[in-house]
Each structure stands twice: as C-alpha cells, then as structure tokens.
Amino acid sequence: MACFCKIIFYHPIRKSIMPRYQDKLQEFRESVLPASSALILMHDYPDPDSLASACGVSELLAFWGVGHTVIAYGGFVGRAENRAMVRFLNIKAVPFALVHIGDFDRIIIVDCYPGRGNVSLPPGMPVHAVIDHHPSDPPPDAAFFHDIRGEYGATATIITSYLLQAGCRIPPKLATALFNGIKTDTDGTLRDATPDDVECYKRLFDIMDHRLLSQIEAPKRDAEFFRLIHTATESATCHKNVGYVHLGAVTAPDSIAEMAELFHSWEKVEWIVCAGIFNNQIFYSIRSDTSNLAGAHAERIAERFGGNGGGHAKAAAGKLPITGDAQTMADKVKLAVIEIFGVADEEPERLL
Ligand SMILES: [Mn+2]
C-alpha cells in the first residue's frame, strides 16, 4: 500500500487554479469519449464528497454529449445528513446490485480506488477512469486514466476544477453538493485542506443554495442515532490523549465515522478511534487534531488483522475481517490500537 508519510507542499493561492487541470482534463476527456453511456461508481457507503463528485462527473459527461450516465454504490447511504443531501438535491443514485454493468461503455470510479476493499466492482472488470484523493500509487502501466491527488482534502475539489476548466455551467444544486463535499471532507477547510480546496470552496459559495445546505445539515434523525450516542458514551475511554469508542453492532457503517467526529469533540482527546461491527467486519474511523499520522495508523491497524486501512493526515478509516468471536476480536483490536498509538501503559479513564 502507498506510503502515507508524505510531505505536503502548501503553495500560495493563485488567482486561477485552472491551468493546472488542463492536461488532466484533456486526458480524462480522451479516456471517456466517444461513449454513449457511462457508469459512475462511488464507494460502498457514499459520503457527501463521493456523492458530489459523482454528480459533477455526470454533469461534465452530459456537457460532453454522453447521453446516459448512472451513479451507483455498493452499500447504502446511512447518515441522516447524507440521506437528506440525496433527497434535497435530487441525486439519482442506485445500488450497484441493480446495475447491469455490461450496459455501459465506460466505468468511472470517484473518491475511491479499485482493489482497496471499499468499492463494489467484480474482479477483472475493466475500469476506464479513477479520480480520487486517497493516497495510492497506480502502476506506471495502468490501463486507465487516473487523477489521484493524495494531498487534496476532497475529490469534489478536483471535479469542481474540471467543470470550471471545461467551461461547464455548475447549477446551484450541484454547487451545493460540491461545496458540501469539500466542507465535510475537510471539516470546513480546517482538516487536510489545500489552497485548491479553499479556492473551490470560495467559488462554490457564490453559486450554491445556502438554504438547501442548512436543511441538509439539520436533518430529522431516527432513534438509532440516539441509541448509538448512548452506547458510544458508555463505552468511551481515554488513554492519555487517545479516545476510544466501541459501538458494538451498527446498522450502517458510516455511523462509525459520524460518532468518531462527534466524540472527537471530547475535550480530553487529541485522537479519537471509533470502531463498530457490521457485516462480520470491524470498521474503524480515526480523527486527529494536530498529528499527521491518522492514515499511517489506520494502515498499521489493518496490517495487524489482515484488513484494509488508510486515509489522510487527520482523518482515516479501515475495516478488518472478524475471525472467531466478534467481542473477543473487538477487544483485541482495542488493545492493538492503544499499543500502536503508544498509550498501552496509560491508565484508562472512562467518559462516564
Ligand atoms: Mn473524499
């Protein structure tokens, strides 16, 4: 897997970000055209950045004359805010199980990378393009177009730049989606954001629908959300500056990231690791305030248990196959995490 210990160069904001995208945009165009249909595939439990990126690619393909595009995902949309985003922005996305892959001339993957364990694509299926911001190293002879900017805060930034560069109009609902993608993946440009993320954020701010975003950000919630907060609060422990939350079985894996973000606000913690069980796997999310090692730690946890893990400097995730009893495995994962974070000798303190 890719090395996550990278140096990030922060260059000053330039007046126009567009020339840097010209070559990649042209390459992308040549990789998908001519085509009459395209499948745009997101990761299995789509977040706002993947939803926005898929919608942006769909808009761009329509602008280029591709008549039929379908946006698909393998799992389902779990978080209340993300379901509200789909509803209020009229995003047409379908489960991968309902898609006949042979119906499409092109397959484009956004916000994830084939073979990383979080995108539903049958092995050996040809991919024509991958646009992502999770660090990975495509082989030099990769047979598909790829634009992978591992230091970027959001894939929506790359897609916004493509749309601007191509001269494609960005309607207010699409701008709202793209803005929300950058906002959620970078915590409002505080986390893992580059000057390009900030530049796109500012441009989208002027064309988006702010009332719609407010509605998306304040959704009605089901009882499961409050049950999870209860479970998380009872389980939360702090080991020096590392918080750990175990949710037990969850009905949607994206609620693990949701609880990680909520419990990261616990005043005692610099780090939070939140884990939960779904579909015979342990999913985990990591958030950090100041350290740049979230992705590296996520990778080390995955290596210990034969899973997949990685991510960005301050936000990362992974999943591990459960072998044997789930609770025993969950206990082992917690022990491995506090050891990897170097706090195994610290006296744990409970939240309650
Ligand atoms: Mn993303």
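Counting in our numbering, the sequence shown runs from 24 upward without gaps.
All residues carry an ideal CB built from backbone N, CA and C; glycine is no exception.
Around the beta carbon of Ala338, 16 or more other beta carbons lie within 10 angstroms, which makes this residue buried. Counting C-beta atoms within 10 angstroms of its own C-beta, Val117 has fewer than 16 neighbours from the protein chains shown and is therefore classed as exposed.
In the three-state reduction of the DSSP assignment, Leu56 falls in the coil class, being assigned neither a helical nor a strand state. Runs of the alpha helix (DSSP H) lying entirely within the stretch 207-254, each at least 4 residues long, are 218-228, 233-240 in chain order. Its chain contains Gly299, Phe301 as the residues whose beta carbon lies nearer than 6 Å to that of Val273, once the 5 sequence neighbours on both sides are disregarded; these appear in chain order.
In this structure, Ser311 lies away from Trp289, with their beta-carbon atoms at least 7 Å apart. Around Val292, the same chain offers Cys261, Asn264, Val265, Gly266 as residues with beta carbons nearer than 7 Å, after the five sequence neighbours per side are excluded. DSSP places Lys342 inside the beta strand (DSSP E), whose first and last residues are 338-344. In the DSSP assignment, Cys78 falls within the alpha helix (DSSP H) that extends over 71-86.
For the set Cys297, Gln188, Asp210, the Cα lying nearest the Cα of Ala321 is the one of Cys297.
Listed in chain order, the non-local C-beta contacts of Gly347 below 6 Å within the same chain number zero, local neighbours out to five positions each way being set aside.
A direct Cα-Cα distance of roughly 28 Å separates Pro137 from Ser314. Not one heavy atom of ligand 1 lies closer than 6 Å to the C-beta of Ala321. Straight across, the Cα-Cα distance linking Arg327 with Ala359 is about 8 Å. For Asp312, no alpha helix (DSSP H) run applies, since DSSP gives it neither H nor E. DSSP places Leu358 inside the alpha helix (DSSP H), whose first and last residues are 349-363.
Residue pairing of Gln304 in beta bridges, as defined by DSSP: Phe301, Pro344. CA-CA distance, Asp229 to Arg102, rounds to 27 Å.
In the displayed model, Phe286 falls within a helix according to three-state DSSP. For Phe168, the enclosing beta strand (DSSP E) begins and ends at 168-171.
Distances from the CB of Ala177 to the heavy atoms of ligand 1 include at least one below 6 Å. In the DSSP secondary-structure assignment, Asp128 is not bridged to any residue.
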